Amino acid sequence: EQAALVASWSGPGATADGVPIAILANVADGVSARTATQSPVQGVGLFRTELAFLDRATEPTVDEQAALYREVIEAFDGRKVVIRTLDAGSDKPLRFVDTELEPNPAMGVRGNRTALSHPEIRRGQLDALAAAAQGSAAVPWIMAPMIATVDEAREFAAQVRDRGMIPGVMVEVPSAAIMADAILAEVDFVSIGTNDLTQYTMAADRMSPELASLTDPWQPAVLALIGMVGAAGERTGKNVGVCGEAAADPLLACVLVGLGVRSLSSAPAASAAVGLKLGTVTMQQCREAARAALAATSASGARDAARAVTG
Ligand code: PEP
Ligand code: MG
257 EQAALVASWS GPGATADGVP IAILANVADG VSARTATQSP VQGVGLFRTE
307 LAFLDRATEP TVDEQAALYR EVIEAFDGRK VVIRTLDAGS DKPLRFVDTE
357 LEPNPAMGVR GNRTALSHPE IRRGQLDALA AAAQGSAAVP WIMAPMIATV
407 DEAREFAAQV RDRGMIPGVM VEVPSAAIMA DAILAEVDFV SIGTNDLTQY
457 TMAADRMSPE LASLTDPWQP AVLALIGMVG AAGERTGKNV GVCGEAAADP
507 LLACVLVGLG VRSLSSAPAA SAAVGLKLGT VTMQQCREAA RAALAATSAS
557 GARDAARAVT G
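Position one of the sequence shown corresponds to residue 257 (the UniProt record's numbering), numbered consecutively onward.
Here's what the structure looks like:
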């Protein structure tokens, strides 16, 4: 019966009392974007551009990149499309970016930090994104991964605005969550990458199966940081999203919404279950679930507390 309900949920996302919550898809290329249009999603919340280039020895040209980005924009033409600049390094090394061996790559030159040594690669990508956006019905939202400081956010936003697009940053480093108000003053939106935010908050490698109980976004310390970002979003009126796997967990989705998150992006297969669950809870229940989860002292305690509120 539950499976039939999930299959019939068609969106758009909203709480039971009608607060809109965008349910979005994580995609990797044109094929996955076109497939995602078959799911009840309202747009793309995370296009991981680096995934298309994992096998490339040399930097793709601006034209090659623009063709790829255009495929994703066209699949969702007129709808919200959030595109992330190359998140090279660590678990996703790119041969044309990551030339130095580092002893500690997760804390090394990855994501937006690669623009320090390779500013021309990021400029080329932003030019390609602007070219891809020409003629589309909606301006794409462009965000940078692994932002740790307000200065990084300001510098990135200027480059995106210069090209007529909407700038945002990912919050995946605890420092960015702590500085969320100042970062939101520089950009138009933020999206919380809970996979990395959990890794860096708990100092636990996201790739380690042995540490799965630490790399759990239900950890109250992670929820507290998400709450800081959500509160900053509510103060500034700017959109706070989540695009890590936490957004695929229907119960956690209620807590995230209660913490101030207004868009949830994950593998499209999860979208209907998340949308269906959100439609059963009011914003007040989401806030109560968030309060209860924040008051817990363990991940399992947070889950139990949220479940007790939302059913
Ligand atoms: C994240 O860190 O949560 C995220 C969405 O980015 P990625 O999984 O690609 O690192
Ligand atoms: Mg990440």
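The beta-carbon is built from N, C-alpha and C at its ideal position, and this holds for glycine as well.
Since this is a predicted model, take the numbers as computed values, not measurements.
query                                                                                                                        : result
Straight-line CA distance for G486 to D407?                                                                                  : 21 Å
Would you say the beta carbon of D347 is closer than 6 Å to some non-hydrogen atom of the ligand MG?                         : no
Does the beta-carbon of L280 have 16 or more other beta-carbons within 10 angstroms, so that it is buried, or is it exposed? : buried
May I ask whether a heavy atom of the ligand PEP can be found less than 6 Å away from the beta carbon of G301?               : no
Which first and last residues belong to the alpha helix (DSSP H) in which F412 is found?                                     : V406 to D418
Is E306 close to the ligand MG? I mean its beta-carbon at under 6 Å from any heavy atom of the ligand.                       : no
Suppose you measure from the CA of T341 to the CA of E356; what does that come to, to the nearest Å?                         : 20 Å
With DSSP as the reference, please indicate the residues paired to I279 in a beta bridge.                                    : L520
What's the call for R378, buried or exposed, on a 16-neighbour Cβ count within 10 Å?                                         : buried
Cβ of D412 within 7 Å of Cβ of A400?                                                                                         : It is Phe, not Asp, that sits at residue 412 in the sequence shown. Cβ atoms of F412 and A400: closer than 7 Å.
Considering only the alpha carbon of each residue, which of N282, A270 and K494 lies closest to A502?                        : N282
Bridge partners of N495, per DSSP?                                                                                           : F445
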